[in-house]
Amino acid sequence: MLASTAAMAALLLTGCGQGTDPGTQPSASTTASESSQQTDNSGENAVDQDALLQTNDQLSEALGDDYVQGWIKDGKLNVSTTSEEQLSTIEEAGAVGHLVQFSSEELRSAISEIMKWQSKQENPVRNAIHAYTLNPETGGITLSVDKSQLEAVEKLIDDEKPIGEIPVDYKESGGIMTPAATQ
Numbered sequence: 000m001l002a003s004t005a006a007m008a009a010l011l012l013t014g015c016g017q018g019t020d021p022g023t024q025p026s027a028s029t030t031a032s033e034s035s036q037q038t039d040n041s042g043e044n045a046v047d048q049d050a051l052l053q054t055n056d057q058l059s060e061a062l063g064d065d066y067v068q069g070w071i072k073d074g075k076l077n078v079s080t081t082s083e084e085q086l087s088t089i090e091e092a093g094a095v096g097h098l099v100q101f102s103s104e105e106l107r108s109a110i111s112e113i114m115k116w117q118s119k120q121e122n123p124v125r126n127a128i129h130a131y132t133l134n135p136e137t138g139g140i141t142l143s144v145d146k147s148q149l150e151a152v153e154k155l156i157d158d159e160k161p162i163g164e165i166p167v168d169y170k171e172s173g174g175i176m177t178p179a180a181t182q
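If you count the sequence shown from 1, position 151 lands on 150 in numbering that gives the first Met the number 0, and the numbers rise without skipping.
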């Protein structure tokens, strides 16, 4: 019960204060990946998470465009921002602040660019990236990649730099997420 409450809270948190770029829709696999990647809080109770979610919403509104993303880790709300001046606002709210270089809009645009880049690749690379998520801790994005193609994808992205200097992290993918896989 607590694990499902934590997963739901994480799912809500990953979407707080963030819109998608026009013409792009987050997939079920992206949302599921974000919630599983950015939470490590199975021992927390729902009351604490509700308070953290409310604080995240307040910070998202207060920081505006300087807000990148919030996540819960080790029972604490973490919030990344592009503005050093906003770190004090984050800390005054009781959260842990992280300064990152790229905005939420830039990171979401980077995901769109990676998708475009991927569509131009030959198989099996074209089908190797299964999920795209923001990585608020590094201020970049994380790609879930078929383990048999992980090295090839990483090398191509490093060589071609389809998203410039935005940091890219990689993790092995368990496959393309389907509605049945999330049940």
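In this text, a Cβ means the ideal position worked out from N, Cα and C, and glycines have one as well. None of the values given here were measured: they were computed from a predicted structure.
Round the Cβ separation of residue i and residue j to the nearest angstrom and send it over; I've been treating them as touching at under 8 Å.
i, j, result
"Ser79", "Val99", "5 Å"
"Ala92", "Thr54", "5 Å"
"Ser59", "Gly74", "Their Cβ separation, rounded to whole angstroms, is 20 Å, which puts Ser59 and Gly74 out of contact at 8 Å."
"Leu106", "Ile156", "Their Cβ separation, rounded to whole angstroms, is 15 Å, which puts Leu106 and Ile156 out of contact at 8 Å."
"Asp168", "Thr141", "4 Å"
"Thr188", "Ala61", "Residue 188 lies beyond the stretch modelled for the chain, which goes from 0 to 182, so this question has no answer here."
Kindly list the residues whose CB is nearer than 7 Å to the CB of residue i, restricted to its own chain and excluding five residues on each side of it in sequence; keep chain order.
i, result
"Asp65", "Thr80, Thr81, Ser82, Gln85"
"Gln148", "Pro123, Val124, Ala127"
"Ile110", "Tyr131, Ile140"
"Asn134", "Ile140, Thr141, Asp168"
"Ser102", "Asp64, Val67, Thr81"
"Glu153", "Tyr169"
"Ala151", "Val124"
Grab the span of the alpha helix (DSSP H) containing residue i for me, first residue to last.
i, result
"Glu104", "103–118"
"Val152", "149–159"
"Glu60", "45–62"
Keeping to the same chain, check which residues put their C-beta closer than 6 Å to that of residue i; ignore five residues upstream and five downstream.
i, result
"Ser172", "His129, Ser143, Val144, Asp145"
"Met114", "none"
"Trp116", "Pro161"
"Gln120", "none"
"Gly174", "none"
I need the boundaries of the beta strand (DSSP E) containing residue i, first residue and last residue.
i, result
"Thr141", "139–145"
"Asp168", "167–172"
"Ser79", "75–80"
"Ile71", "66–72"
"Ala130", "128–134"
Give me, in chain order, the residues of the same chain whose beta-carbon lies closer than 8 Å to that of residue i; leave out the 5 immediate sequence neighbours on both sides.
i, result
"Gln24", "Model confidence at Gln24 stands at a pLDDT of 37, short of 50, so the residue's coordinates are unreliable; what they give is reported in the following sentence. There are no such residues."
"Glu90", "Gly96"
For residue i, which beta-bridge partners are listed by DSSP?
i, result
"Val95", "Asn77"
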